[in-house]
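Notes to accompany the following structure.
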Amino acid sequence: MNILIIGSGGREYSIGQKLKSENKVNKIYFSPGNGATARLGENIDICDFDKLANFAIQNTIDLTIVGPEAPLSAGIVDIFKKYNLAIFGPTKAAARLESSKAYMKDFLAKNNILTAKYINSDNYEEISDFIDTMSERVVVKADGLCAGKGVIIANNHKEAKKAAQDMLSGSSFGDAGKRVVVEEYLDGFELSFFAICDGENYVLLPVAQDHKRLLDNDEGPNTGGMGAYAPSPLATKELIKQVEDDVIKPTLKGMKQDGNEFCGVLFVGIMVVNNTPYVLEFNVRFGDPECEAIMPLIDGNLSEILYNASIGKLEDIKLEDKFAVAVVISSKNYPYSSSKPELIHIETIPHNSHIAYAGVSAISSDLYADGGRVLVCVGVGDTINKARDKAYELCKKVKFKGMHYRKDIAYQVLK
Ligand code: AMP
Ligand code: GLY
Numbered sequence: 287m288n289i290l291i292i293g294s295g296g297r298e299y300s301i302g303q304k305l306k307s308e309n310k311v312n313k314i315y316f317s318p319g320n321g322a323t324a325r326l327g328e329n330i331d332i333c334d335f336d337k338l339a340n341f342a343i344q345n346t347i348d349l350t351i352v353g354p355e356a357p358l359s360a361g362i363v364d365i366f367k368k369y370n371l372a373i374f375g376p377t378k379a380a381a382r383l384e385s386s387k388a389y390m391k392d393f394l395a396k397n398n399i400l401t402a403k404y405i406n407s408d409n410y411e412e413i414s415d416f417i418d419t420m421s422e423r424v425v426v427k428a429d430g431l432c433a434g435k436g437v438i439i440a441n442n443h444k445e446a447k448k449a450a451q452d453m454l455s456g457s458s459f460g461d462a463g464k465r466v467v468v469e470e471y472l473d474g475f476e477l478s479f480f481a482i483c484d485g486e487n488y489v490l491l492p493v494a495q496d497h498k499r500l501l502d503n504d505e506g507p508n509t510g511g512m513g514a515y516a517p518s519p520l521a522t523k524e525l526i527k528q529v530e531d532d533v534i535k536p537t538l539k540g541m542k543q544d545g546n547e548f549c550g551v552l553f554v555g556i557m558v559v560n561n562t563p564y565v566l567e568f569n570v571r572f573g574d575p576e577c578e579a580i581m582p583l584i585d586g587n588l589s590e591i592l593y594n595a596s597i598g599k600l601e602d603i604k605l606e607d608k609f610a611v612a613v614v615i616s617s618k619n620y621p622y623s624s625s626k627p628e629l630i631h632i633e634t635i636p637h638n639s640h641i642a643y644a645g646v647s648a649i650s651s652d653l654y655a656d657g658g659r660v661l662v663c664v665g666v667g668d669t670i671n672k673a674r675d676k677a678y679e680l681c682k683k684v685k686f687k688g689m690h691y692r693k694d695i696a697y698q699v700l701k
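Taking our numbering, the leading residue of the sequence shown gets 287, the next gets one more, and so forth.
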């Protein structure tokens, strides 16, 4: 199989790393990839979807896998399908589960799926009246894609109204904020559920937990994610069953009924409040860094699983009876601003651990840190403790100026 992976992060690297270990996989291309993906395959850089589809035809690509949400929301799957190419990911219409929070919330309400009480509106008076009916803490969200930044957790009504006004006026998030979702604040713990879907059926991957804040003890600003582990024991059998029965199944059914069959990764962000799972958000792709923690837990042919899902013939998945912990190492100024490129030194990589590279560029055989989230140290073991120790042993082997990582990944289950 020849495979094309769209994206440039640690998520895409980890998918490529997994595929490279499979007998069936011949050549892997990345568009655009990063300085290290070129070691797993070949980087190309084609933005236009029709041109990319032509590249896939000319290079006998058997399967295209889309990492990030932006090309999905822009309709890459629709274009590839026009050329009869196998591509793993949802169509533009189905990707609205992530690209429009208003669509997502209305979809949940219509299908009786539990989520925070909300209003979806572009009218300030209506929003302000709704906020007056809420308890003190309120969450204000821009409707469109804001690279994970469009969510404001307001501590009081004044702050909430100001956030809504700034969004509606276009001053905080441009067009993405011209419609706003305001919802009740949910106080619980978060889990990331991933289902590989073929339009009708799904298989569940190990449940992961992300760490969104920059600093230990969940302090500091929000980031794309500073570390993850899987499977999380916080996801009990009962909870998993509840999420499957009350969220994933009705979602796939509802999407199909609406003529938007969902193929790809359905990533359900869940907040568990008093043992009850509430949907915080849907994403239509793998999470990053959750993907880096999940990939080593798949025992079998990922290429076949994703190919079969892309043609509507999903098969079961075999999982390793192990745990993985993924620790993100970021650059000095992340998430505020970019940092100047720094040479990365890596000593011998310990057994049962590996690196998934993200924001790196290559100059001859050297790798430089030149993105926000630079690389991810992944440890694998029979227990979360062992996996965590391996990941941190590996972190100590990585050196570049200004590097930062959290020291408490998986703390919620390792107290
Ligand atoms: P979202 O993009 O909707 O997942 O929001 C980003 C993050 O904001 C989530 O991962 C949560 O940590 C937080 N968040 C979003 N909605 C709520 C809510 N209703 N209550 C509490 N926290 C929330
Ligand atoms: N780690 C969360 C995300 O990928 O959106």
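For every residue, glycine included, the Cβ atom is placed at its ideal position computed from N, Cα and C. Please read all numbers here as calculations on a predicted model, not as lab measurements.
By how many angstroms is the C-alpha of Ile351 removed from the C-alpha of Phe548? Distance between the alpha carbons of Phe548 and Ile351: 15 angstroms.
For the alpha helix (DSSP H) that Lys427 lies in, which residues bound it at each end? Counting along the chain, Lys427 falls outside any alpha helix (DSSP H), though it belongs to the beta strand (DSSP E) covering Val424 to Ala428.
Alpha carbons only, please: which of Ile343, Val426 and Tyr691 is nearest the one belonging to Phe459? Cα-wise, what sits closest to Phe459 is Val426.
Just curious, the beta strand (DSSP E) that Gly485 is in, first and last residue? Its beta strand (DSSP E) spans residues Phe475 to Gly485.
Examine the ligand AMP and report whether any of its heavy atoms sits within less than 7 angstroms of the Cβ of Ile555. Residue identity differs from the one stated: residue 555 is Gly in this sequence, not Ile. Yes, Cβ of Gly555 sits closer than 7 angstroms to a heavy atom of the ligand AMP.
Between the region 664-673 and the region 316-328, are three or more C-beta pairs nearer than 8 angstroms? Touching, no, given that fewer than three Cβ pairs across the two stretches are closer than 8 angstroms.
Using only alpha-carbon positions, find the residue among His690, Lys693 and Phe479 that is nearest to Val558. The closest CA to that of Val558, considering only His690, Lys693 and Phe479, is found on Phe479.
Could you tell me which uninterrupted beta strand (DSSP E) segments, each at least 3 residues in length, are contained entirely in the region 303-383, listed from first to last along the chain? Fully enclosed beta strand (DSSP E) runs of 3 or longer: 314-318 and 349-352.
Could you name the residues that DSSP lists as bridge partners for Cys549? Cys549 pairs with Asp484.
Neighbour-count burial assignment, Lys539, 16 or more Cβ in a 10 Å radius: By the 10 Å Cβ count, Lys539 comes out exposed.
Taking the alpha-carbon positions, what's the Pro519 to Lys693 distance? Taking the Cα positions, Pro519 is about 20 angstroms away from Lys693.
For Tyr678, which residues does DSSP report across the bridge? Looking at the DSSP assignment, Tyr678 forms no beta bridge with any residue, so it has no partner.
Short of 8 angstroms in beta carbon distance, which residues of its chain neighbour Ile301, apart from the five on each side in sequence? Order them along the chain. Annotation for Ile301: Ile291, Ile351, Gly353, Phe572, Cys577, Met581 and Leu588 place their beta carbon closer than 8 angstroms to its own, counting only its chain and skipping 5 residues before and after.
Tell me, please, which residues DSSP counts as bridged to Cys663. For Cys663, DSSP records a beta bridge to Val613 and Ile641.
Taking three-plus beta-carbon pairs below 8 angstroms as touching, is the region 630-638 in contact with the region 653-666? Output reads yes: the region 653-666 touches the region 630-638.
Beta-carbon gap between Leu349 and Phe374 smaller than 8 angstroms: Going by C-beta atoms, Leu349 is nearer than 8 angstroms to Phe374.
CA nearest to the CA of Val424, picked from Ala402, Asn409 and Cys432: Of the listed residues, the one whose Cα sits closest to Val424 is Ala402.
Return the first residue and the last residue of the beta strand (DSSP E) that Tyr654 is part of. Going by DSSP, Tyr654 is part of the beta strand (DSSP E) stretching over Asp652 to Ala655.
Burial state of Pro376 (16 or more Cβ within 10 Å): Pro376 sits buried, since 16 or more C-beta atoms from the chains shown fall within 10 Å of its C-beta.
Heavy atom of the ligand GLY within 7 angstroms of Asp574 beta-carbon: Checking every heavy atom of the ligand GLY against the Cβ of Asp574, one is found closer than 7 angstroms.
Whose C-beta lies closer than 6 angstroms to the C-beta of Ala446 among residues of the same chain, with five residues either side of it excluded? The residues are Ile417, Val424, Val426 and Ala440.
Enumerate in chain order the residues of its own chain whose CB-to-CB distance from Ile603 is below 6 angstroms, with the five nearest sequence positions on each side excluded. Val489 and Ile591.
So if DSSP puts Arg465 in a beta bridge, which residue, or which two residues, is it bridged to? Per DSSP, none; premise fails for Arg465.
Should Asp331 go down as buried or exposed, given a rule of 16 or more other Cβ atoms within 10 Å for buried? Per the 10 Å Cβ criterion, exposed.
Cβ of Ser317 within 8 angstroms of Cβ of Glu355? The answer is no: Cβ separation not under 8 angstroms.
Closer than 7 angstroms: is that where the CB of Gly434 sits relative to any heavy atom of the ligand FAD? This structure does not include the ligand FAD; its bound ligands are the ligand AMP and the ligand GLY.
If the criterion is Cβ atoms closer than 8 angstroms, does the pair Met453 and Ala428 meet it? Contact flag set, yes.
Judging by CA-CA distance, which residue of Arg659, Ile641 and Gly598 is the nearest neighbour of Lys683? Closest by alpha carbon: Ile641.
For Leu566 and Tyr593, what's the separation of their Cα atoms in angstroms? So the alpha carbons of these two residues sit roughly 29 angstroms apart.
For Leu552, which residues in the same chain have their Cβ closer than 6 angstroms to its Cβ, ignoring the five residues on either side in sequence? Closer than 6 angstroms at Cβ, skipping near neighbours: Ala481 and Cys483.
Measuring alpha carbon to alpha carbon, tell me which of Gly545, Cys432 and Ala433 ends up nearest Glu486. The shortest Cα separation from Glu486 among Gly545, Cys432 and Ala433 belongs to Gly545.
Sheet register partners of Thr562 (DSSP bridge): Answer is Val559.
Considering only residues of the same chain and omitting the five flanking positions on each side of Tyr315, which have a CB-CB separation below 6 angstroms? Around Tyr315, the same chain offers Leu290, Gly327, Glu328 and Ile330 as residues with beta carbons nearer than 6 angstroms, after the five sequence neighbours per side are excluded.
Quick one: what's got a C-beta closer than 7 angstroms to Leu500's C-beta in the same chain, skipping five residues either side? Excluding residues within five positions, the ones whose Cβ falls inside 7 angstroms are Gly506, Pro507, Thr509, Met512 and Pro621.
8 angstroms contact criterion, which Glu422 and Asn409 should meet: CB distance rounded: Their Cβ separation, rounded to whole angstroms, is 23 angstroms, which puts Glu422 and Asn409 out of contact at 8 angstroms.
Check: Ile439 C-beta below 7 angstroms from any heavy atom of the ligand AMP: Indeed, a heavy atom of the ligand AMP lies less than 7 angstroms from the Cβ.
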